[in-house]
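Participant: My questions all concern the structure below.
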Amino acid sequence: MNYYSTNGQAPIATLEKAVVKGLAEDKGLYMPERIKTLPQDFFDNIENLSFQEIAYRVADAFFGEDVPADDLKKIVYDTLAFDCPCVKVTDSIYSLELFHGPTLAFKDVGARFMARLLQYFLKKELKESGTPDVKKSQVNVLVATSGDTGSAVANGFLGVEGIHVYVLYPKGKVSPIQECQFTTLGQNITAVEVDGVFDDCQALVKNAFIDADLNVHMKLTSANSINVARFLPQAFYYFYAYAQMKKRGLAEQLVVCVPSGNFGNICSALFGKKMGLPIKRFIAANNANDIFFKYLQTGKYEPMPSVQTIANAMDVGDPSNFARVYALYGKSHEAICSDISGATYSDEQIADTIKEVKAETGYVCDPHGACGYRALKEGLKDGEVGVFLETAHPAKFKSTVDSILNDDIEIPVKLQAFMKGTKQSVPMSKNFVDFKQFLMGE
Ligand SMILES: *Cc1c(COP(=O)(O)O)cnc(C)c1O
Numbered sequence: 003m004n005y006y007s008t009n010g011q012a013p014i015a016t017l018e019k020a021v022v023k024g025l026a027e028d029k030g031l032y033m034p035e036r037i038k039t040l041p042q043d044f045f046d047n048i049e050n051l052s053f054q055e056i057a058y059r060v061a062d063a064f065f066g067e068d069v070p071a072d073d074l075k076k077i078v079y080d081t082l083a084f085d086c087p088c089v090k091v092t093d094s095i096y097s098l099e100l101f102h103g104p105t106l107a108f109k110d111v112g113a114r115f116m117a118r119l120l121q122y123f124l125k126k127e128l129k130e131s132g133t134p135d136v137k138k139s140q141v142n143v144l145v146a147t148s149g150d151t152g153s154a155v156a157n158g159f160l161g162v163e164g165i166h167v168y169v170l171y172p173k174g175k176v177s178p179i180q181e182c183q184f185t186t187l188g189q190n191i192t193a194v195e196v197d198g199v200f201d202d203c204q205a206l207v208k209n210a211f212i213d214a215d216l217n218v219h220m221k222l223t224s225a226n227s228i229n230v231a232r233f234l235p236q237a238f239y240y241f242y243a244y245a246q247m248k249k250r251g252l253a254e255q256l257v258v259c260v261p262s263g264n265f266g267n268i269c270s271a272l273f274g275k276k277m278g279l280p281i282k283r284f285i286a287a288n289n290a291n292d293i294f295f296k297y298l299q300t301g302k303y304e305p306m307p308s309v310q311t312i313a314n315a316m317d318v319g320d321p322s323n324f325a326r327v328y329a330l331y332g333k334s335h336e337a338i339c340s341d342i343s344g345a346t347y348s349d350e351q352i353a354d355t356i357k358e359v360k361a362e363t364g365y366v367c368d369p370h371g372a373c374g375y376r377a378l379k380e381g382l383k384d385g386e387v388g389v390f391l392e393t394a395h396p397a398k399f400k401s402t403v404d405s406i407l408n409d410d411i412e413i414p415v416k417l418q419a420f421m422k423g424t425k426q427s428v429p430m431s432k433n434f435v436d437f438k439q440f441l442m443g444e
């Protein structure tokens, strides 16, 4: 399968190039040239298949032309070493819990898949070139994080041979729970604590990618969310959610609501729909960063500086995957509106919702999932059943959720284990010369 750029000015790329490069030369996002529909008998029988079996069928449609079946199956099965259950919250609203992976957020799925696919391509390259020098062929992933991305990428790549990850994060600006998820791992993960803000971390990474000496010295790549290998695998759990709801006899008029920031998650769901997944319609739930919501109302896409909210993983003022949604629907506002509606909530509304769901049902939402729940509660029509994505475990936002619920919510054992580890990081100034010197010595 070949990939084209949403900006239309870059050469067509193979899957390998799209995965290794991430972004196209014209700064556009890669899109598969074709989207294969899955056969009716797959959907007829889907409720009898396991998550891994379902995911493999979807992965085969995306990547089957480029990765041999045995390798692809192993990548999918290793990626999905945890469940994504649909849990009943009310009679008509279910929560698709995407927080059962290593870092308790949905980004685990894409990060784990990408790590394994990249490793597959590296091994293949090594075999073809005949170079026995593993050190020289090592790929170094640089990732700047303000919290969640660093933990998902670090854990996704942990122990993956042939790849070293450098996580750059701003000193004192990441919550302790987030910080320990990438500073306590060791092995092939190095945390770099930058004396600056997130933008300084991002600038160091960008400078490293364009520095000629460094690129001769070592192979560098990025693992950010625009990578097709991080974004397409997210489609897996929408098919699985459908299967679980079908098993309950509740999939006839299914509405799926996705708390959205950069729109990678919902975009993978829209790919699923194009592949034949019978979801009736989608809702994109925003916090106060309502650029997409406004686009739906007006047909105009007007990026804005982001504002800070309590659902901070959705504080995005210029969602990068909008370009993909736009391309997928042939740039038609009308077509987009026929499949997707929007919602937007203030911090106060999010907090009220967390309280209300807890009081009425006993279920504890994180601030992102709360946007999803509320949009379904307000938007479901007669006969429809809704599934919202619980994109992270509420304990990842413990201080926010505790103060809203006036509670002390339990931290899952998995998260506690990170917190017990020894923190190790390399202190770094925000000057590129220092970061370069450090990498040249590696
Ligand atoms: C990244 C993230 C989101 C937003 O997902 P997009 O794919 O960027 O739309 C929502 N919730 C949580 C917890 C996240 O980490």
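If you count the sequence shown from 1, you need to add 2 to reach the working numbering.
Glycine residues also receive a C-beta, built at the ideal position from the N, C-alpha and C atoms.
Which residue or residues does DSSP assign as beta-bridge partners of Ala146?
Facilitator: Beta-bridge pairing links Ala146 to Leu170.
Participant: Measure the alpha-carbon distance for Asp85 versus Leu106 and round it to whole angstroms.
Facilitator: Approximately 11 Å, taken between the alpha carbons.
Participant: Can you determine whether any heavy atom of ligand 1 sits closer than 6 Å to the C-beta of Tyr262, and answer yes or no?
Facilitator: Note that residue 262 is Ser in the sequence shown, not Tyr. Ser262: yes, Cβ under 6 Å from ligand 1.
Participant: Report yes if the C-beta distance between Phe64 and Leu272 is below 7 Å; otherwise report no.
Facilitator: Taking 7 Å as the Cβ cut-off, Phe64 and Leu272 do not qualify as a contacting pair.
Participant: Ligand 1 and Ala107: does any heavy atom of the ligand fall closer than 6 Å to the residue's C-beta?
Facilitator: Yes, the Cβ of Ala107 comes within 6 Å of a heavy atom of ligand 1.
Participant: Considering just the uninterrupted stretch of the beta strand (DSSP E) at Val260, what are its terminal residues?
Facilitator: Its beta strand (DSSP E) spans residues Leu256 to Pro261.
Participant: If you run the structure through DSSP and keep just helix, strand and coil, what is Pro178?
Facilitator: Helix at Pro178.
Participant: Nearest-angstrom Cα distance between Gln54 and Tyr79?
Facilitator: Each residue's alpha carbon lies about 6 Å from the other.
Participant: Can you find the residues in the same chain that come closer than 6 Å, C-beta to C-beta, to Ala117, ignoring five residues on each side of it along the sequence?
Facilitator: If we look at Ala117 and ignore the five residues flanking it on each side, its Cβ neighbours are Gly158, Phe159 and Val162.
Participant: Taking the alpha carbon of Asn142 as the point to measure from, which residue in Asn190, Phe108, Gly149 and Pro172 has its own alpha carbon closest?
Facilitator: Here the closest residue by C-alpha is Asn190.
Participant: Is there at least one non-hydrogen atom of ligand 1 closer than 6 Å to the beta-carbon of Ala469?
Facilitator: Any answer about residue 469 is impossible in this case: the structure gives the chain only from 3 up to 444.
Participant: Is Phe265 near ligand 1 - that is, is its Cβ less than 6 Å away from at least one heavy atom of it?
Facilitator: Because some heavy atom of ligand 1 lies under 6 Å away, the Cβ of Phe265 counts as near it: yes.
Participant: Per DSSP, what are the beta-bridge partners of Ser7 in this structure?
Facilitator: Paired residues: Tyr32.
Participant: Buried or exposed: where does Asn433 fall if 16 or more other Cβ atoms within 10 Å of its Cβ makes it buried?
Facilitator: Asn433 should be labelled exposed.
Participant: Rounded to the nearest angstrom, how far is the Cβ of Ala12 from that of Asn4, given a contact under 8 Å?
Facilitator: Not a contact, Cβ separation roughly 12 Å.
Participant: Name the two residues that bound the continuous beta strand (DSSP E) containing Met430.
Facilitator: Val428 to Met430 is the span of the beta strand (DSSP E), which, as asked, contains Met430.
Participant: So Leu206 and Val196 are in contact, right, with Cβ under 8 Å, and what is the actual spacing, rounded?
Facilitator: Contact flag correct, Cβ pair sits at about 7 Å.
Participant: According to DSSP, is Glu195 helix, strand or coil?
Facilitator: Reduced to three states, the DSSP call for Glu195 is strand.
Participant: How about His370: is its Cβ closer than 6 Å to a heavy atom in ligand 1?
Facilitator: Yes, since a heavy atom of ligand 1 falls inside the 6 Å radius drawn around the Cβ of His370.
Participant: Report the residue ranges of all beta strand (DSSP E) runs contained in full by the segment 294–378; include only those spanning at least 3 residues, in chain order.
Facilitator: Listed in chain order, they are 342–346.
Participant: Let me check understanding here. Comparing Cα to Cα, which of Val89, Leu256, His370 and Asn47 lies closest to Gly381?
Facilitator: When each option's Cα is compared against that of Gly381, the closest is Leu256.
Participant: Would you kindly report the start and end of the unbroken beta strand (DSSP E) that includes Cys88?
Facilitator: Note, Cys88: beta strand (DSSP E), Cys88 to Lys90.
Participant: Runs of 4 residues minimum, wholly inside the segment 199–234: which ones carry the alpha helix (DSSP H) assignment?
Facilitator: Complete alpha helix (DSSP H) runs here, min 4: 200–212, 214–219 and 230–233.
Participant: Ligand 1 and Thr393: does the residue's C-beta get closer than 6 Å to at least one heavy atom of that ligand?
Facilitator: Yes - ligand 1 has a heavy atom lying nearer than 6 Å to the Cβ of Thr393.
Participant: Verify the contact flag: Ala315, CB atom, against every heavy atom of ligand 1, threshold strictly below 6 Å.
Facilitator: The answer is yes for Ala315.
Participant: Which of helix, strand or coil does DSSP assign to Asn288?
Facilitator: Asn288 falls in the strand class under three-state DSSP.
Participant: What does DSSP give as the partner residue(s) for Tyr96 in the beta ladder?
Facilitator: Partner(s): Lys90 and Val389.
Participant: For the candidate residues Ala377, Lys173 and Ser227, whose alpha-carbon lies nearest to that of Ile95?
Facilitator: Nearest option by C-alpha distance: Ala377.
Participant: At a cut-off of 6 Å, is Asp150 close to ligand 1 when judged by its beta-carbon and the heavy atoms of the ligand?
Facilitator: True, at least one ligand heavy atom lies under 6 Å from that Cβ.
Participant: Compare the Cα-Cα distances from Gly278 to each of Met306, Glu181 and Phe241 and report the closest residue.
Facilitator: Nearest C-alpha to Gly278: Phe241.
Participant: Tell me which residues share the same chain as Val327 and place their Cβ nearer than 7 Å to its Cβ, disregarding the 5 neighbours each side in the sequence.
Facilitator: If we look at Val327 and ignore the five residues flanking it on each side, its Cβ neighbours are Phe265, Cys269, Leu272 and Ile338.
Participant: Whose C-alpha, out of Lys125, Asn226 and His335, is nearest the C-alpha of Gly24?
Facilitator: The shortest C-alpha separation from Gly24 is found at Asn226.
Participant: Roughly how many whole angstroms lie between the Cα atoms of Lys2 and Asp28?
Facilitator: Residue 2 is absent from the model: the chain starts at 3 and stops at 444.
Participant: In whole angstroms, what separates the C-alpha of Ala26 from that of Phe211?
Facilitator: Rounded to whole angstroms, Ala26 to Phe211 spans 14 Å at the Cα level.
Participant: Going straight from the alpha carbon of Asp93 to that of Gln180, what length do you get?
Facilitator: If you take the alpha carbons of Asp93 and Gln180, they lie about 34 Å apart.
Participant: Nearest-angstrom Cα distance between Thr300 and Gly332?
Facilitator: Answer to the nearest angstrom: the Cα atoms are 17 Å apart.
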